[in-house]
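Q:
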Amino acid sequence: MSKIWNYFTLSGRIAFCKECDYKKDFPPRAPTTTLATHLKSKHPEQHKQFLDQSTEVKAELNAHQKAEVEVNEYLHSKRLQITDDPFKYWSGENSIKWPLLTKLSHRYFSAPATSSESERLFSTAGLVVSNLRTRLLPDNVEKLLFLHNNLKIYDYKYDL
Numbered sequence: 003m004s005k006i007w008n009y010f011t012l013s014g015r016i017a018f019c020k021e022c023d024y025k026k027d028f029p030p031r032a033p034t035t036t037l038a039t040h041l042k043s044k045h046p047e048q049h050k051q052f053l054d055q056s057t058e059v060k061a062e063l064n065a066h067q068k069a070e071v072e073v074n075e076y077l078h079s080k081r082l083q084i085t086d087d088p089f090k091y092w093s094g095e096n097s098i099k100w101p102l103l104t105k106l107s108h109r110y111f112s113a114p115a116t117s118s119e120s121e122r123l124f125s126t127a128g129l130v131v132s133n134l135r136t137r138l139l140p141d142n143v144e145k146l147l148f149l150h151n152n153l154k155i156y157d158y159k160y161d162l
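All letters in the sequence shown, in the order written, are residues 3 to 162 by this note's numbering.
1) Given 8 Å as the limit, is there contact between the segment 42-51 and the segment 6-22, that is, 3 or more CB pairs closer than that?
2) Can you check the segment 83-127 for any beta strand (DSSP E) of at least 3 residues that lies completely inside it and give the ranges in chain order?
3) Using alpha carbons as the reference points, say which of L37, S120, K20 and P29 lies closest to H78.
4) Note down the Cα distance separating E21 from H45, rounded to an integer number of angstroms.
5) Which residue comes first and which comes last in the alpha helix (DSSP H) that contains K44?
6) Looking at the secondary structure, which residues open and close the alpha helix (DSSP H) in which A163 lies?
7) Here's the rule I'm using: 16 or more other beta-carbon atoms within 10 Å means buried, otherwise exposed. How should H40 be labelled?
8) Per DSSP, what kind of secondary structure is L147 in: helix, strand or coil?
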């Protein structure tokens, strides 16, 4: 159970803030992000305590549980705007809040150190675009190459 309930009470489907008159319709299995947002904007001291408690709970979890908690927190957090810099996002406060996801972000935002991957891509492109396939549109070639290189990430089984 989330530590947010130290600051709210639930009566039926209504969550009541213990600090003020705020109440929110709260259906079963709804995310607690709205409650945390209220706590952050209206009661910053309690929000700081809530974050500290969440950090303590994370320390007691095993690696799999920590990863699951981080992913859930990230999925329920505010989304980046299209104009936001993802490098700043992952190097600031969020790198402390989600250290496992930060490591992943560094891995996927970095360029490969060698040119072998691009060489492989050009070789594959040479196999896709041949004398028999000269009418393929560039967009379709790009999509085919993308699928060829990325479906293996998901361990996709080709039915041939």
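Yeah, the Cβ is synthetic: ideal placement off N, Cα and C, and Gly gets one too.
A: On the basis of the coordinates in this document:
1) yes
2) none
3) L37
4) 8 Å
5) T35 to K44
6) For the chain, the structure presents residues 3 to 162; residue 163 sits outside this window and is missing.
7) buried
8) helix
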